[in-house]
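Engineer: Just so you know, the sequence shown maps onto residues 1 to 212 in UniProt numbering.
By construction, the Cβ of each residue, glycine as well, lies at the ideal position given by its N, Cα and C atoms.
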Amino acid sequence: MKKYQKKFIELSLKAKALKFGDFTLKSGRQSPYFFNAASLIEYGELSILADCLKAKVKEDGLKFDMIFGPAYKGIFLATLLANKMSEKKRMPVCFNRKEIKDHGEGGMLIGAKPKGKVLIVDDVLSSGLAISESVNFLSFYDVEIVGALVTLNRLEKGLNTDNTASGELELKGINIFQIISLDDLLEADELISKENAKKMKEYRENYRGNDV
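#1: Does DSSP classify Y33 as helix, strand or coil?
#2: Could you give the residue range of the alpha helix (DSSP H) that holds T24?
#3: When the Cα of M91 is compared with those of K73, L109, M108, G116, which residue comes out closest?
#4: Does DSSP put E87 in a helix, in a strand, or in coil?
#5: I need the boundaries of the alpha helix (DSSP H) containing N136, first residue and last residue.
#6: Classify M1: buried if its beta carbon has 16 or more other beta carbons within 10 angstroms, exposed otherwise.
#7: Look at L182 and L155 and say whether their C-beta atoms are less than 8 Å apart.
#8: Is the region 161 to 181 touching the region 22 to 37, taking contact as three or more C-beta pairs under 8 Å?
#9: DSSP on A148, reduced to helix/strand/coil?
#10: Using alpha carbons as the reference points, say which of R208, K201, E87 lies closest to S127.
#11: Okay, do the region 51 to 58 and the region 79 to 99 touch, 3+ Cβ pairs below 8 Å being the bar?
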């Protein structure tokens, strides 16, 4: 496990962003674990989170001109990474609204107009719906999508096939990068209890998508 991955898991546990129990997901699946990125904002220590995001960007050699963060969780993650990247190079950021604003500046976009090479940043990849919606939103602009960076890839089946959601997206030409995946969590033996690890393994067997 990479150093930045262990830091991210430790931070997520301290902030109670990563929880264990019985949770109903948007998909209707019953999951023994849940990740709520909003808890990271409440807890603080956001510089650690920003360092983890930047470490992944550096590791994979990602090159982009700006960052897009889908509403809502992607907004603060994209802003954190853009702020960190801006220490050496100006890095514009933008995000979408959930609803069109009909007054003031109007529209559905806040921040820089998307152009050039764009990196999408979001919290969790489950079904892939949020990333797909971001790709559709950006398709109206003259951009090249470098890929999508998420904090956690649950490695679950996608919307349309038995492949992982990340696999479905990659078949469409959208590269997926993650700080951690479910497999990485299961490797964190010293951080995750045996009981919780057992339940997550059982969940993985039921809902894990096929590798592409």
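Structural biologist: A quick look at the data gives this:
#1: Strand at Y33.
#2: That residue, T24, is in no alpha helix (DSSP H); its beta strand (DSSP E) goes 18 to 24.
#3: Nearest option by C-alpha distance: G116.
#4: Per DSSP, reduced to three states, the secondary structure at E87 is coil, with no helix or strand assignment.
#5: Counting along the chain, the alpha helix (DSSP H) containing N136 begins and ends at 129 to 138.
#6: Exposed is the call here.
#7: Their beta carbons are under 8 Å apart, which means L182 touches L155 by this criterion.
#8: The region 161 to 181 makes no contact with the region 22 to 37; the number of CB pairs closer than 8 Å stays below 3.
#9: Looking at A148 - three-state DSSP - the assignment turns out to be strand.
#10: For S127, the closest C-alpha among the options R208, K201, E87 is that of R208.
#11: The count of Cβ pairs closer than 8 Å, one atom from the region 51 to 58 and one from the region 79 to 99, reaches three, so the stretches are in contact.
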